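Contents: one structure, followed by commentary.
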Amino acid sequence: MAKGFDCAAPLTKTLAKKLGEGGYEFACRYLVPSGWKRLTKSEAAAISAGGLQIVSVFEMTANRALGGRAAGLTDGAAAAQTALAVGQPAGSRIYFAVDFDASAKQMDTIIQYLKAAGEAARNFRTGVYGSAAVVEAAMAAKACTGFWQTYAWSKGRKAEGIHIYQYDNGPKGLGQPIYGVNVDLNQSSGDVGWWNTLTTIQQPDGWAGEVNDYMLNKEDANKIIAFIQAAYMAAGSAESRTEFHRLADELRKASGQAVDGEK
Numbered sequence: 001m002a003k004g005f006d007c008a009a010p011l012t013k014t015l016a017k018k019l020g021e022g023g024y025e026f027a028c029r030y031l032v033p034s035g036w037k038r039l040t041k042s043e044a045a046a047i048s049a050g051g052l053q054i055v056s057v058f059e060m061t062a063n064r065a066l067g068g069r070a071a072g073l074t075d076g077a078a079a080a081q082t083a084l085a086v087g088q089p090a091g092s093r094i095y096f097a098v099d100f101d102a103s104a105k106q107m108d109t110i111i112q113y114l115k116a117a118g119e120a121a122r123n124f125r126t127g128v129y130g131s132a133a134v135v136e137a138a139m140a141a142k143a144c145t146g147f148w149q150t151y152a153w154s155k156g157r158k159a160e161g162i163h164i165y166q167y168d169n170g171p172k173g174l175g176q177p178i179y180g181v182n183v184d185l186n187q188s189s190g191d192v193g194w195w196n197t198l199t200t201i202q203q204p205d206g207w208a209g210e211v212n213d214y215m216l217n218k219e220d221a222n223k224i225i226a227f228i229q230a231a232y233m234a235a236g237s238a239e240s241r242t243e244f245h246r247l248a249d250e251l252r253k254a255s256g257q258a259v260d261g262e263k
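In this text, residue positions in the sequence shown follow full-length UniProt numbering: the first is 1, and each later residue adds one.
Following this line, the structure appears as structure tokens:
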């Protein structure tokens with residue numbers, strides 16, 4: 001068992017080292033294109049230099065998985081491009097969050113989301129964060145290969161075969177204050193899929209993923225770009241619109257197409 005935590009606050013090398021000295025081995029951080037809680041390339045380097053492993057989790061909104069396949073394709077592509085931008089090595093894992101008390105009626109839609117995210121994030125293995133019911137449904141459907149369960153909404157149950165267990169969210173769900181930062185406490189077992197910027201990921205036995213310069217065909221890329229364009233139109237800030245535009249251009253590059261402004 002390895003001891004770890006997840007948090008929204010960015011970490012410094014000094015803080016990562018202090019947490020490592022306190023017995024923690026991994027930090028779960030948000031792999032998202034924009035926003036204050038996002039993992040950056042410089043932070044990933046700082047966490048790695050501080051001696052911790054990194055677990056990547058993609059979460060734009062708590063109930064994003066209810067967007068089904070369309071949302072999964074968009075998020076999977078965005079997660080993969082963001083992962084490459086921060087230095088996450090191909091073959092490691094990205095967890096997609098189902099951060100609410102999902103009902104049985106919602107599971108089919110959630111499974112569609114997870115499978116689509118895995119299709120779009122082709123250079124990475126994928127996992128799910130959620131309740132025992134969500135994790136078990138994802139296992140049964142073979143929607144992903146990584147399973148991170150939270151005790152929240154799990155009604156005292158702990159699923160078999162999980163890779164990470166989040167067992168403490170602190171007082172009122174606001175996290176435990178450790179060294180000045182609020183964290184949720186986790187423990188891991190098995191093939192978590194963590195990474196850092198100082199080591200090369202060894203591909204697990206049986207993993208069929210490939211690392212290619214162009215990982216999407218043109219047709220698939222353009223379908224995902226259409227979803228990103230819809231998000232661009234709905235974006236509430238110039239920063240978000242700029243990031244959606246960048247992601248669309250990265251997808252054009254990944255499928256061998258010219259980016260905006262090129263002939």
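Using N, Cα and C, we set each Cβ at its ideal position, and we do this for glycine too.
In this text the structure is predicted, and so the values were computed from the model without any measurement.
Would you please state the rounded distance, in angstroms, between the beta carbons of Y179 and K13? I believe it to be under 8 Å.
Residue mapping note: residue 179 aligns to position 179 of the sequence shown, counting from 1. Residue mapping note: residue 13 aligns to position 13 of the sequence shown, counting from 1. Going by Cβ atoms, the distance from Y179 to K13 rounds to 13 Å, so no, they are not a contact pair.
Please report the straight-line C-alpha distance between L52 and R38, rounded to a whole angstrom.
The residue given as residue 52 occupies position 52 in the sequence shown. The residue given as residue 38 occupies position 38 in the sequence shown. Distance between the alpha carbons of L52 and R38 is about 17 Å.
Could you compute how far the alpha carbon of F26 sits from the alpha carbon of V259?
By one-based count along the sequence shown, residue 26 stands at place 26. By one-based count along the sequence shown, residue 259 stands at place 259. Each residue's alpha carbon lies about 37 Å from the other.
Tell me which same chain residues have a C-beta within less than 7 Å of the C-beta of T169, skipping the five on either side of it?
Numbered from its first residue, the sequence shown carries residue 169 at position 169. Sequence check: residue 169 is Asn here, not Thr. Here the set comprises A152, G175, D184.
Just to check my reading of the structure: Y24 and K3 have Cβ atoms closer than 8 Å, yes? What is that Cβ distance to the nearest angstrom?
Along the sequence shown, one-based indexing puts residue 24 at 24. Along the sequence shown, one-based indexing puts residue 3 at 3. Sure, about 5 Å apart at Cβ, within 8 Å.
Can you tell me which of K105, Q257, V128 puts its alpha carbon nearest to the alpha carbon of residue 269?
With the chain covering 1 to 263 only, the question about residue 269 has no answer from this structure.
Of all the options C144, E160, A141, D108, which has the alpha carbon lying nearest to the alpha carbon of A132?
Position 132 of the sequence shown, counting from 1, holds the residue named residue 132. For the residues C144, E160, A141, D108, the minimum Cα distance to A132 belongs to E160.
First and last residue of the beta strand (DSSP E) that includes I94?
Here residue 94 refers to the residue found at position 94 of the sequence shown. Segment 93-97, the beta strand (DSSP E) holding I94.
Leaving out five residues before and five after G193 in sequence, what residues of the same chain have Cβ atoms less than 6 Å from its Cβ?
Counting from one through the sequence shown, the residue named residue 193 turns up at place 193. Contacts found: S92, R93, R125, G146.
Given this structure, state the Cα-to-Cα distance separating D108 from D249, to the nearest angstrom.
What you label residue 108 is simply residue 108 of the sequence shown in a count that begins at 1. What you label residue 249 is simply residue 249 of the sequence shown in a count that begins at 1. Near 31 Å, if we compare the C-alpha coordinates of D249 and D108.
Looking at the structure shown, is N186 part of a helix, part of a strand, or coil, going by DSSP?
Position 186 of the sequence shown, counting from 1, holds the residue named residue 186. Three-state DSSP puts N186 in a strand.
Does G76 come out as helix, strand or coil in the three-state DSSP assignment?
Here residue 76 refers to the residue found at position 76 of the sequence shown. Reduced to three states, the DSSP call for G76 is helix.
Is I110 helix, strand or coil when you go by DSSP?
Mapped onto the sequence shown, residue 110 falls at position 110. Note: I110 maps to helix in three-state DSSP.
Which runs of the beta strand (DSSP E), 3 residues or longer, sit entirely within the region 112-190?
The region 112-190 contains these whole beta strand (DSSP E) runs: 125-130, 146-150, 164-168, 176-178, 181-188.
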